[in-house]
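Read top to bottom, the protein sequences are chains S and X.
Numbered continuously in the numbering used here, the first sequence closes out at residue 324.
Numbered continuously in the numbering used here, the second sequence closes out at residue 324.
2 protein chains.
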Amino acid sequence: MRSTPFTFDISLPGGVPTVYDGTDVLIRIVRPLSAMRGQYADQEAYEALLAQGDTILYEVYEMRRPQVADEYIEIADGYIEIADEYIEVADAHVGLGELLHGTSIVHPGKVGDEYFMTKGHFHSVLDTAEVYYVLQGRGMMVMETPEEEWAVKELRPGRVLYVPPRWAHRSVNTGQGDLVFLFVYPAHAGHDYGTIETRGFRKLVVARDGQPHIVDNPRWCAQE
Amino acid sequence: MRSTPFTFDISLPGGVPTVYDGTDVLIRIVRPLSAMRGQYADQEAYEALLAQGDTILYEVYEMRRPQVADEYIEIADGYIEIADEYIEVADAHVGLGELLHGTSIVHPGKVGDEYFMTKGHFHSVLDTAEVYYVLQGRGMMVMETPEEEWAVKELRPGRVLYVPPRWAHRSVNTGQGDLVFLFVYPAHAGHDYGTIETRGFRKLVVARDGQPHIVDNPRWCAQE
């Protein structure tokens, strides 16, 4: 397995990384509106927006060491698209002690009065943290633990956010342009999307008089 | 142990982080010239420069969760200074799956024709990686494994560098101003400074006609 140091550059504004030097492995994960069914509170607004087109809500560019990725993905247009079902398989090939990293770009917009956001997830290995560094835009990180805790932190350029172990996290774009950030997390963390898909987050971020407000999620379900 | 999400802001130019929101824990590690005896090839130039004053070569601001730090360090001037001998003790109190992170500021200058640089180290747990994001300045990361490999990568603003497991790393400021970067590494990695102090890096970065050049280290000692 190749294990020499790599670099890549993040162009701003924008946030799309160059490919690693000397390689062509850059994974792009795209989440269209259709991948978020059931995640927005206003389901009528969701269906109405979807009827207008399956707009892209956010993109994730993740760096993988080439040999980890090559077996599962195909190169297209200079980057690589990976299907959801292969992410966990690819994760399993990254060693303990490695760090997965890349950029996320959350586009601006709203479904009803709820801002465009990421799916949000717990790490499969709950006791793993994540570090974010905001490069561009404005937003909120909505977080909660399997216990009674929740937190919402503002995201703005130059800010580092530390998500400790056990905290599910979802980024929300509350600005006019793209929200772009760098992320780093332990390679063995994995992604548990199912818990959030089933019960949602305790808190939503919605627009009230043009400003973001944190409100209770009326459809939130307590974890067993 | 406190385990709620934290944020801090990195002001640029400069690179000194604000303290965590709601806390006052920001560790500052300062490396003066006197801490680098034997690390520069031109020992005569080193002693001559030191005779003029014990100038600070670089500073590291590292974020620690408050309860990890409070037992070992004292607050002074709004940040916390930690003595070398307590770093490993503090490290041992951070859990597997957490990420240590912060900024490094390497000041510009030369000892003879060799640029100001960090001590450089292996991680005590060799199989742990590190991610860097360059915020300001110009430089090089000099890296090598316990085996025959070495690599030098250019550092410039907007660039991410992935240091895979097993690679010792030293940052070198080849520019006119401060070199500032964000770093993230697994909390259980630890620091092995001794190996590099004893045998040095295979490669040095020196100024030739005002430009950085990579040259062999004439005093490098092969590892047993």
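C-beta atoms are modelled at their ideal positions from N, C-alpha and C, and glycine is treated no differently.
Because the structure is a prediction, the values reported are computed rather than measured.
In chain order, what residues of the same chain lie with their CB nearer than 6 Å to the CB of residue i, ignoring the 5 residues before and after it?
| i | result |
| --- | --- |
| G178/S | The pLDDT assigned to G178/S is 47, lower than 50, so where the model puts this residue is not dependable, and the model offers no usable value. |
| P312/X | T274 and V305 |
| G202/S | Y161, E162 and M163 |
| D170/S | Per-residue confidence for D170/S stands at a pLDDT of 49, beneath the threshold of 50, marking its modelled position as unreliable; the derived number appears in the next sentence. Closer than 6 Å at Cβ, skipping near neighbours: no residue. |
| M217/X | R270 and V272 |
| L196/X | H288 |
| W320/S | G300 and R302 |
| T228/S | P265, P286 and A289 |
| A145/X | V211 and G212 |
| E198/S | A287 |
| L226/S | R266 |
| I129/S | V160 |
| V371/X | Missing from the structure shown is residue 371/X; chain X here goes from 101 to 324 and no further. |
| R308/S | none |
By the criterion of Cβ-Cβ separation under 7 Å, what are the contact partners of residue i in chain X?
| i | result |
| --- | --- |
| L106/S | The amino acid occupying residue 106/S in the given sequence is Phe; Leu does not appear at that position. Near F106/S (Cβ distances below 7 Å), the residues of chain X are Y262. |
| I314/S | By Cβ distance, chain X contributes nothing, its closest Cβ being about 14 Å from I314/S, past 7 Å. |
| D109/S | G258 and R259 |
Within its chain, find whatever has a CB closer than 8 Å to the CB of residue i; leave out the 5 residues flanking it on each side and keep chain order.
| i | result |
| --- | --- |
| V252/X | M240, M241, V242, M243, K303, V305 and I314 |
| K219/S | R131, A135, M136, Q139, R270, Y293, I296 and E297 |
| L255/S | Y232, V234, G237, R238, G239, M240, M241, L261, S271, L279 and F281 |
| D142/S | V211, G212, D213 and E214 |
| N317/X | A141, G300, F301, R302, K303 and L304 |
| D154/S | P132, L133 and S134 |
| P257/S | V234, L235, Q236 and G237 |
| L112/S | L235, Q236 and V280 |
| G209/X | T155, L157, Y215, F216 and N273 |
| V263/X | A229, E230, V231, Y232, M241, M243 and H269 |
Name the one or two DSSP bridge partners that residue i has.
| i | result |
| --- | --- |
| F108/S | V260/X |
| T203/S | Y161/S and L282/S |
| V242/S | V252/S and R270/S |
| L304/X | V315/X |
| D292/S | F222/S |
| V211/S | E214/S |
| Q47/S | Summary: the structure shown does not reach residue 47/S, with chain S confined to residues 101 through 324, and so no result is reported for it. |
| E400/X | Look at the range of chain X in this structure, 101 to 324, and you will see that residue 400/X is not part of it. |
| Q236/S | V280/S |
| D132/X | The residue asked about is misnamed: residue 132/X is Pro in this sequence, not Asp. Bridge partners of P132/X: I156/X. |
| V231/S | Y262/S and V284/S |
| P117/X | I110/X |
By the criterion of Cβ-Cβ separation under 9 Å, what are the contact partners of residue i in chain X?
| i | result |
| --- | --- |
| V116/S | Per Cβ cutoff of 9 Å: no residues; V116/S is ~12 Å from chain X at best. |
| H197/S | A small fix is needed here, since residue 197/S is Gly in this sequence, not His. Near G197/S (Cβ distances below 9 Å), the residues of chain X are H223, V225, L226, D227, T228, A229, P265, P286, H288 and A289. |
Check the Cβ of residue i against every Cβ in chain S and list those closer than 7 Å, keeping chain order.
| i | result |
| --- | --- |
| Y161/X | Correct list: empty, because the minimum Cβ distance to chain S is about 11 Å. |
Taking 8 Å as the cut-off, is the CB of residue i close to at least one heavy atom of the ligand COA?
| i | result |
| --- | --- |
| D309/S | Absence of the ligand COA from the depicted structure is noted, as is the absence of any ligand whatsoever, leaving it without description. |
So with CB distances below 8 Å, who are the chain X contacts of residue i?
| i | result |
| --- | --- |
| L112/S | G258 |
| A251/S | T104 and P105 |
Going along the chain, which residues of its own chain have a beta-carbon closer than 7 Å to the beta-carbon of residue i, five neighbours each way excluded?
| i | result |
| --- | --- |
| H221/X | A268, H291, D292, Y293 and I296 |
| L149/S | L133 and V211 |
| I90/X | Absent from the structure is residue 90/X, since the part of chain X shown begins at 101 and ends at 324. |
| T245/S | R266 and W267 |
| R259/X | V234 |
| W250/S | M243, E244, R302 and K303 |
| G310/S | none |
Tell me which residues of the segment 200-213 of chain S have at least one Cβ-Cβ distance to chain X shorter than 8 Å, keeping chain order. H201
Can you give me, in chain order, the residues of the segment 267-281 of chain X that have a beta carbon less than 7 Å from any beta carbon in chain S? W267
Taking beta-carbon pairs under 8 Å, can you tell me which members of the segment 213-242 of chain X lie near chain S? V225, D227, T228, A229, E230, V231, Y233 and M241
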